[in-house]
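Take a look at the structure set out below.
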Amino acid sequence: MTKRLHLAHFSVFRDARGRDAESVETHAETPRDLFDELFSSARGVAPSPQTWARVAINDDLAAWDALLSDGDTVVFLAPSAGG
Amino acid sequence: MTKRLHLAHFSVFRDARGRDAESVETHAETPRDLFDELFSSARGVAPSPQTWARVAINDDLAAWDALLSDGDTVVFLAPSAGG
Amino acid sequence: MSFALSDVSLDATACRAALLAAAPSGASGGIVTFEGVVRDHADGRAVQALEYHAYAALARREGARITGEAQDRFRVEAVHVVHRTGHLSLGETAVWVGAAAAHRDAAFEACRWTLDAVKARVPIWKREHYADGPAEWVGAPEVEGLASHRSDP
Amino acid sequence: MSFALSDVSLDATACRAALLAAAPSGASGGIVTFEGVVRDHADGRAVQALEYHAYAALARREGARITGEAQDRFRVEAVHVVHRTGHLSLGETAVWVGAAAAHRDAAFEACRWTLDAVKARVPIWKREHYADGPAEWVGAPEVEGLASHRSDP
């Protein structure tokens, strides 16, 4: 069964997706699955996001192997330089 | 031959002399001599100022054994807490 | 203890007033502030302007956690942070951090620690516009899989 | 690079403006400021007010040396210090130190070093007025030969 997830995109992920936000129907169980689906499937390249990025679920930091639920909001966090 | 020296007093030295400034006729050759004359003669106590205070001659820091000249301005500097 | 985002120019006087409003009157002996200002060059390249994009909900949550942690780590009366978002011109303040404490050591340490924590943890991204080339997200890695997506059909 | 004495209340906004006026436009990425404020207690005693007495000619000379040394020691664009003299009420600022630098490390280090150097070297004496006893010169040693003079005939 698929779930519906909401995504907001920032920084390099926004550039890669070409939009600020989107909703997707997906079989992804974890943020790692979702990341691969969105950013790596076309090329078969897996950028191993857990080594250089973070992920938030429903506006708080989460683990890359957390279980996603229908209706969750997911944001991938690229490294940033801050102030 | 005596020399005439001008003194400005701050902090504990002002309290001890009971005034902000004064001029003295003295045989003192060095700030150390002058200090003893002003602050220690009455009691015979020598507070060894070089261990806890500094001295300025003509508005700049000087050594305790510097030679004083007629007309010099001398200020003894007690330790301070600053800002 | 507070963290705020602002999409308008930061005013150092107003930031300082907000810090002091959070500190018990008469108890603060030392106030240390930091302002990060947009410079005209970075890594040897001429910078024309900046954009800051914040993931606002998480930025506020993480920012509040940081100022709370600063109070636990240091003997401070108050810590306040304001971070800009949006387009910034040269000379504008990007981030303001203030710490008020009874003693100056704590104020210096808390200000510095909070600044470093904000830069490391708060999800705000900086895009620099250069005189000599396309804008870049500062600190972002070059990821082959990602970059290729931009030209995917 | 500058050091000033003031016998009227310090205004943080004006102090900051004086710092920035001395810094090349567009080059300062980090501005760190310190304000030392009169607290309501010191070493466990309730403080009612303070006086600062400066040996002005030497204070200005030594203060200018310190800000000059700060420029030699750190990669700073500007360092500015203002120190109060006279009677201060609780909550008033006794000393303001600001450093502007291209990089934040240098700004923090220069501000802290300058503050410590001013406190150690500039001839300004602080007299604290307490709720529970006579006023004292802070930091002054108890010297028997000196103290006895006060009651000499």
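One line per chain: the protein sequences are A, B, C and D, in this order.
Counting from 681, one number per residue, gives the positions in the first sequence under this note's numbering.
Counting from 681, one number per residue, gives the positions in the second sequence under this note's numbering.
Counting from 24, one number per residue, gives the positions in the third sequence under this note's numbering.
Counting from 24, one number per residue, gives the positions in the fourth sequence under this note's numbering.
From the three backbone atoms N, C-alpha and C, an ideal C-beta is built for every residue, glycine too.
All values derive from a computational prediction rather than experimental measurement.
Only those residues of the segment 66-87 of chain C whose C-beta falls short of 7 Å from the nearest C-beta of chain A are listed: His76, Tyr78, Ala80, Leu81, Arg84.
Residues Lys149, Glu151 of the same chain have their beta carbon placed closer than 6 Å to that of D:Val161, with the five preceding and five following residues left out of the count.
For A:Asp740, the closest Cβ of chain C is nearer than 8 Å. Bridge pairing for C:Ile54: C:Ala123, D:Glu58 [DSSP]. Per DSSP, reduced to three states, the secondary structure at A:Asp740 is strand. Residues of chain D with a Cβ closer than 9 Å to the Cβ of C:Ile54 are, in chain order, Ala35, Thr56, Phe57, Glu58, Gly59, Val60, Thr116.
Residue-level contact check: C:Trp160 touches chain A, since one or more beta carbons of chain A fall below 8 Å from its beta carbon.
A residue is called buried once 16 or more other Cβ atoms fall within 10 Å of its Cβ, and B:Ser691 is buried on that count. DSSP places A:Thr753 within a strand segment (E or B) once states are collapsed to three.
With respect to chain C, the C-beta atom of A:Pro711 has no partner C-beta closer than 8 Å. Contacts between B:Ser760 and chain D, judged by CB atoms closer than 7 Å, involve Pro146, Ile147, Trp148, Lys149, Gly162 in chain order. Here DSSP, grouped into helix, strand and coil, assigns C:Trp136 to helix. Residue-level contact by beta carbon holds for B:Ala736 and chain D, with a gap shorter than 8 Å.
For D:Arg135, the chain C residues whose C-beta falls within less than 7 Å of its own C-beta are Phe131, listed in chain order. In this model, C:Pro146 and D:Ala40 are separated by some 31 Å (Cα to Cα). With at least 16 other beta carbons inside 10 angstroms of its own, B:Asp716 counts as buried.
Under the 8 Å criterion on CB atoms, C:Ala41 is classed as non-interfacial with respect to chain D. According to the DSSP assignment, A:Val692 belongs to the alpha helix (DSSP H) that extends over 691-697. For B:Trp744, not one C-beta of chain D is nearer than 8 Å to its own C-beta. Take B:Ala708, set aside five residues on each side of it, and the residues of its chain with a beta-carbon closer than 7 Å to its own are Leu714, Glu717, Leu748, in chain order.
Counted as a single uninterrupted DSSP element, the stretch harbouring D:Phe97 is not any alpha helix (DSSP H), since DSSP gives it neither H nor E.
For D:Ala129, same chain residues with a beta-carbon under 6 Å away, outside a window of 5 residues either side, are Phe97, Arg98, Val99 in chain order.
Taking a C-beta cut-off of 9 Å against chain D, the contacting residues of the segment 686-715 of chain B are Ala688, Phe690, Ser691, Val692, Phe693, Arg694, Asp695, Ala696, Arg697, Gly698, listed in chain order. Residues of the same chain with a CB within less than 6 Å of the CB of C:Gly59, apart from the 5 flanking positions on each side, are Ala117, Val118 in chain order. Non-local beta-carbon contacts of D:Ala125 in its own chain, meaning distances under 8 Å to residues more than five positions away in sequence, involve Ala50, Ser51, Gly52, Gly53, Arg98, Glu100 in chain order. For D:Thr108, the CB contacts under 8 Å within the same chain, skipping 5 residues up- and downstream, are Leu28, Ser29, Asp30, Tyr75, His76, Ala77, Ala79, Ile147 in chain order. Using a Cβ-Cβ cut-off of 8 Å, A:Val755 counts as an interface residue toward chain C, since at least one Cβ of chain C sits closer than that to its own. D:Ala77: member of the beta strand (DSSP E) spanning 68-77, first to last residue.
Shown here, D:Ser48 sits in coil according to DSSP, grouped into three states, outside any helix or strand.
At a cut-off of 8 Å, the C-beta of C:Ser51 has a neighbouring C-beta in chain D.
Checking the DSSP bridge columns, you'll see B:Arg684 partnered with B:Glu705. Separation of A:Ala701 and D:Ala44 (C-alpha to C-alpha, rounded to the nearest whole angstrom) is 44 Å. Taking the CA atoms as reference points, D:Arg144 sits about 24 Å from D:His64. C:Gly114 and C:Arg84 have their alpha carbons spaced roughly 28 Å apart. Closest by C-alpha distance to C:Gly156, out of C:Thr137, C:Ala69, C:Glu132, is C:Ala69. Interface residue (Cβ-Cβ distance to chain D less than 8 Å): C:Ala125 is classified as such.
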